[in-house]
Ligand code: SF4
Ligand code: SF4
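Residue numbers (our numbering): 25 to 446.
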């Protein structure tokens, strides 16, 4: 698909601005009515989902130049998909897909943002989105006695993800997951030093060719390992393996599961039993790429019915976030004795982004932290002691922002709390 393929979607935009907000019927609190961080921060229509589709049309019709201002608008967006969900509450049009295609068109035309050069060169030279020595990628698993899937067969491959491999503060989610899986008798292995970046963040940033190179290399590792299931604790990676890998015909029959889905299933089957009390009141933050964007990709091929531009044969199905991963992380939390779960105003399809996605953490860290502060304040309004998430990117951005703003809120991953209970 290319930007041109979304012309009628973009033409259908009626500038109603629903994509800026939580749909009215789902709204619980006026101060938490915005769903798009970009429009909430910059307060000019172009910074919204609808504004970006207008921009896409203008680019197609060569009415806009690829100047610095255009790139500033294009990249001050977390690719969180909230606009897409809110628009689809009322309309059958794609919003996030053309936003992604605008980025791809920018990159293919050589119009890139210098602030993103570092992570792209790191991906090309070291197969990671986090600059760092590749030789240290597997260090997080030292002493865990886990199979190396490049040397031994295993039914399940655990993918740690770039951030977890290189940030000591985030490693616990990976070590805890491996320990829990082994305790439940799961035949799990890792690629260790040979693990590479899934490429998902590159795709969100518009670097489609880099993503495809990375995805092809990753699927070769999987094919050689013989693993049938991939488990990851990172929402970004989960989305990459599950959605764009499938979109480009690379996923095959690989089963992709987030760690919280796999662990919730083990708890339900009685293979893991949380028995120790964890006395804490928490609120759960739905990561965009696990929640609304984590639902399966829908393959569709068809054409508009003659005489209509938006009635398709066969009928077109739209991803509305309904089948995202919302309950498994909550089920894991609810299984922990002593833990009380309270909800924020913006949840599931309409959850507010942590702020780090789409390259914003790298290109505009101030905006990334501003967005996180909004979420931290929403979490504080629930009276919770901690904000719990299921993505290393969210965890990292929340922790860094809390260090700066001085909130007393704690940040945990779901797996970390489960490990305490077992
Ligand atoms: S993208 Fe959708 S919700 Fe936003 S202005 Fe256009 S039609 Fe309205
Ligand atoms: S993807 Fe997120 S940040 Fe970007 S326009 Fe849509 S809601 Fe706003």
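For glycine and all other residues, C-beta sits at the position ideal for the given N, C-alpha and C.
- Within the present structure, is the beta-carbon of residue 103 separated from the nearest heavy atom of ligand 1 by less than 7 Å? Mapped onto the chain shown, residue 103 falls at position 79. Incorrect: residue 103 has no Cβ contact closer than 7 Å to ligand 1.
- Indicate the three-state DSSP secondary structure (helix, strand or coil) for residue 53 in the structure shown. Indexing the chain shown from 1 puts residue 53 at position 29. Three-state result, residue 53: coil.
- Message: So, does the region 220–232 touch the region 260–269, judging by three or more C-beta pairs under 8 Å?
- Response: yes
- Task: List the DSSP bridge partners of residue 171.
- Result: Start at 1 with the first residue of the chain shown, and residue 171 comes out as number 147. According to DSSP, residue 171 bridges with 213.
- Whole-angstrom Cβ separation of residue 108 and residue 73, contact assumed at under 8 Å? The count along the chain shown starts at 1 and reaches residue 108 at position 84. The count along the chain shown starts at 1 and reaches residue 73 at position 49. Right, their Cβ atoms sit about 7 Å apart.
- Message: Short of 7 Å in beta carbon distance, which residues of its chain neighbour residue 261, apart from the five on each side in sequence? Order them along the chain.
- Response: Counting from 1 along the chain shown, the entry for residue 261 is found at position 237. The residues are 183, 185, 222, 224.
- Coil, strand or helix - residue 480 by DSSP: Absent from the model: residue 480. The displayed extent of the chain is 25 to 446, so no value can be given.
- Closer than 7 Å: is that where the CB of residue 397 sits relative to any heavy atom of ligand 2? Indexing the chain shown from 1 puts residue 397 at position 373. No, ligand 2 has no heavy atom inside 7 Å of this Cβ.
- Query: Can you tell me the Cα-Cα spacing of residue 191 and residue 141, whole angstroms?
  - Reply: Counting from 1 along the chain shown, the entry for residue 191 is found at position 167. Counting from 1 along the chain shown, the entry for residue 141 is found at position 117. Residue 191 and residue 141: Cα-Cα distance of roughly 20 Å.
- Item | Any non-hydrogen atom of ligand 2 within 7 Å of residue 106 CB | Counted from its first residue, the chain shown places residue 106 at position 82. Answer for residue 106: yes, Cβ within range of ligand 2.
- Item | Local Cβ density within 10 Å of residue 75, reported as buried at 16 or more and exposed below that | Position 51 of the chain shown, counting from 1, holds the residue named residue 75. With 16 or more other Cβ atoms within 10 Å, it is buried.
- Which term fits residue 417, buried or exposed, when burial requires 16 or more other beta carbons within 10 angstroms of its beta carbon? Locating residue 417 in the chain shown gives position 393, counting from the first residue. Buried.
- Query: Sorted by chain position, which residues of the same chain lie with C-beta nearer than 7 Å to residue 419's C-beta, five sequence neighbours on each side aside?
  - Reply: Working through the chain shown from its first residue, we reach residue 419 at position 395. Within the same chain, residue 419 has close Cβ partners 194, 413, 435, 437.
- Query: Mind checking whether residue 66 and residue 100 have CB atoms under 8 Å apart?
  - Reply: Taking the first residue of the chain shown as 1, we reach residue 66 at position 42. Taking the first residue of the chain shown as 1, we reach residue 100 at position 76. In this structure, residue 100 lies closer than 8 Å to residue 66 by Cβ.
- Item | Beta-carbon spacing of residue 259, residue 415 below 8 Å | What you label residue 259 is simply residue 235 of the chain shown in a count that begins at 1. What you label residue 415 is simply residue 391 of the chain shown in a count that begins at 1. Cβ atoms of residue 259 and residue 415: closer than 8 Å.
- Which first and last residues belong to the beta strand (DSSP E) in which residue 147 is found? What you label residue 147 is simply residue 123 of the chain shown in a count that begins at 1. Counting along the chain, residue 147 falls outside any beta strand (DSSP E), though it belongs to the alpha helix (DSSP H) covering 141–150.
- Query: Once you ignore the five residues that flank residue 447 on each side, which residues in its own chain have a CB closer than 7 Å to its CB?
  - Reply: The requested residue 447 is not part of the displayed model; the chain covers only 25 to 446.
- Message: Taking the beta strand (DSSP E) that residue 279 belongs to, which residues open and close that run?
- Response: Taking the first residue of the chain shown as position 1, residue 279 is located at position 255. Looking at the DSSP string, the run of the beta strand (DSSP E) that includes residue 279 is 279–282.
- Query: Between 384, 392, 399, which lies nearest to residue 7 when the distance is taken from Cα to Cα?
  - Reply: Residue numbering for the chain in the displayed model covers 25 to 446; residue 7 lies beyond these limits and cannot be assessed.
- Kindly provide the ranges of any alpha helix (DSSP H) runs that are 4 or more residues long and lie completely inside the region 314–391, ordered along the chain. 351–358, 384–387
- Heavy atom of ligand 2 within 7 Å of residue 311 beta-carbon: Position 287 of the chain shown, counting from 1, holds the residue named residue 311. Residue 311: no, Cβ never under 7 Å from ligand 2.
- Message: Can you tell me whether residue 26 is helix, strand or coil according to DSSP?
- Response: For the purposes of this step, residue 26 is identified with residue 2 of the chain shown, where counting begins at 1. Coil at residue 26, not helix or strand.
- Local conformation of residue 307 per DSSP, three classes: The residue given as residue 307 occupies position 283 in the chain shown. In this structure, residue 307 counts as strand in the three-state DSSP scheme.
- Task: Can you tell me which of the three DSSP states residue 266 falls into?
- Result: Along the chain shown, read from residue 1 onward, the residue named residue 266 stands at position 242. It is helical.
- Who does residue 82 pair with in a DSSP beta bridge? By one-based count along the chain shown, residue 82 stands at place 58. Per DSSP, none; premise fails for residue 82.
- For residue 61, verify whether its CB is less than 7 Å away from any heavy atom of ligand 2. Working through the chain shown from its first residue, we reach residue 61 at position 37. Flag set: Cβ of residue 61 near ligand 2.
- Task: Compute every distance between the C-beta of residue 70 and the non-hydrogen atoms of ligand 1, then say whether any falls below 7 Å.
- Result: Position 46 of the chain shown holds residue 70. Incorrect: residue 70 has no Cβ contact closer than 7 Å to ligand 1.
- Query: Can you tell me whether DSSP reads residue 240 as helix, strand or coil?
  - Reply: Within the chain shown, numbered from 1, the residue matching residue 240 stands at position 216. Residue 240: helix per DSSP, three-state reduction.
- Of all the options 103, 34, 89, 29, which has the alpha carbon lying nearest to the alpha carbon of residue 227? Along the chain shown, one-based indexing puts residue 227 at 203. Checked all of 103, 34, 89, 29; the closest Cα to residue 227 is 103.
- Item | Distance cut-off 7 Å: residue 123 Cβ against heavy atoms of ligand 2 | Start at 1 with the first residue of the chain shown, and residue 123 comes out as number 99. Yes, ligand 2 has a heavy atom inside 7 Å of this Cβ.
- Through-space distance from residue 295 to residue 251, alpha-carbon basis: If you number the chain shown from 1, residue 251 lands on position 227. If you number the chain shown from 1, residue 295 lands on position 271. Computed Cα separation, rounded: 21 Å.
- Task: Could you tell me which residues DSSP pairs with residue 410 in its beta bridges?
- Result: Translated into the one-based positions of the chain shown, residue 410 becomes position 386. Answer is 306, 434, bridged to residue 410.
- Task: Examine ligand 2 and report whether any of its heavy atoms sits within less than 7 Å of the Cβ of residue 370.
- Result: As a working note, residue 370 is residue 346 in the chain shown. It does not: the Cβ of residue 370 is nowhere closer than 7 Å to a heavy atom of ligand 2.
- Neighbourhood of residue 291 by C-beta distance below 6 Å, restricted to the same chain and skipping five residues each side: Within the chain shown, the letter at position 267 stands for residue 291. For residue 291, where only same-chain residues beyond five positions count, the Cβ hits under 6 Å are 359.
- Message: At a cut-off of 7 Å, would you count residue 120 as near ligand 2, judging by its Cβ distance to the nearest heavy atom?
- Response: Sequence index remark: in the chain shown, residue 120 carries index 96 (1-based). Yes, the beta carbon of residue 120 sits closer than 7 Å to at least one heavy atom of ligand 2.
- Query: Where do the N-terminal and C-terminal ends of the beta strand (DSSP E) with residue 180 fall, by residue?
  - Reply: In the chain shown, residue 180 corresponds to position 156, counting from 1. Residues 180–183.
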